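Visitor:
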Amino acid sequence: MLRLSFACIFLLFISCKKDNKGNSIIGKWQVTDYFDGYTAWGGCNCWKPATAALKHTVEFYGNGTYKLTPPPISSFSGCTGSYQLKNDSTLRWNRCGSDESDVKISFEPGFLLIEEPPQGGFYIYKYKRLR
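Take the sequence shown: its position 47, counting from 1, is numbered 48 in our numbering, and each next residue is one higher.
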């Protein structure tokens, strides 16, 4: 009976394991939607589903590096680089070889939002966690 009690407690303990991913940027993400706030060139200030040509993935590693992989229909070869989390809402990275820049990030359950600030407006890319 004592063994059965320990087994039940052990099973209860491991079944209640918390998902530690939460608001961690580390993992693999794929673009699902984007907010077109590029008003200088006729942006709609609205959310749009990502087209097949935009559905790239980005994987952030725990050592401060990332890998951006383009969708199969893209002629872009992808890239790797470095990143740094400055705080809970700011990411500094050199997206595909460009100069380092600070971008705003935020989280929704299962999603990462990265705001890219081009001149004349902004884009927000919504990434779904793949792993």
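From the three backbone atoms N, C-alpha and C, an ideal C-beta is built for every residue, glycine too.
This one's a predicted model, so the numbers in the text were calculated from it and none came from an experiment.
So for C97, helix, strand or coil by DSSP?
Guide: helix
Visitor: Are K87 and E60 close, meaning C-beta to C-beta below 8 angstroms?
Guide: no
Visitor: Buried or exposed, going by whether 16 or more other CB atoms sit within 10 Å of the CB of G38?
Guide: buried
Visitor: Taking only the alpha-carbon atoms, compute the straight-line gap between I74 and C97 and give it to the nearest angstrom.
Guide: 18 angstroms
Visitor: Assuming Q85 contacts T58 under a Cβ cut-off of 8 angstroms, what Cβ separation, rounded to an integer in Å, is found between them?
Guide: So it is not a contact: roughly 20 angstroms between Cβ atoms.
Visitor: Are there 16 or more other CB atoms within 10 angstroms of the CB of F36, so buried, or fewer, so exposed?
Guide: buried
Visitor: If I measure Cβ to Cβ from G63 and keep anything under 6 angstroms in the same chain, skipping five residues before and after, which residues do I get?
Guide: I27
Visitor: Taking the alpha carbon of T81 as the point to measure from, which residue in D89, T91, L92, L69 has its own alpha carbon closest?
Guide: Nearest option by C-alpha distance: L69.
Visitor: Are the beta-carbon atoms belonging to E117 and F108 less than 8 angstroms from one another?
Guide: Going by C-beta atoms, E117 is not nearer than 8 angstroms to F108.
Visitor: Is DSSP giving T40 helix, strand or coil here?
Guide: helix
Visitor: Near A54, which residues of its chain fall below 7 angstroms by C-beta distance, leaving aside the five closest residues on each side in sequence?
Guide: P72, I74, S75
Visitor: Spell out the partners DSSP gives R130 in its beta bridges.
Guide: Per DSSP, the beta bridge partners of R130 are W30.
Visitor: Quick one: what does DSSP say D103 is sitting in, helix, strand or coil?
Guide: strand
Visitor: Below 6 angstroms CB to CB, which residues in the same chain sit around L114 once its five sequence neighbours on both sides are set aside?
Guide: S107, I125, K127
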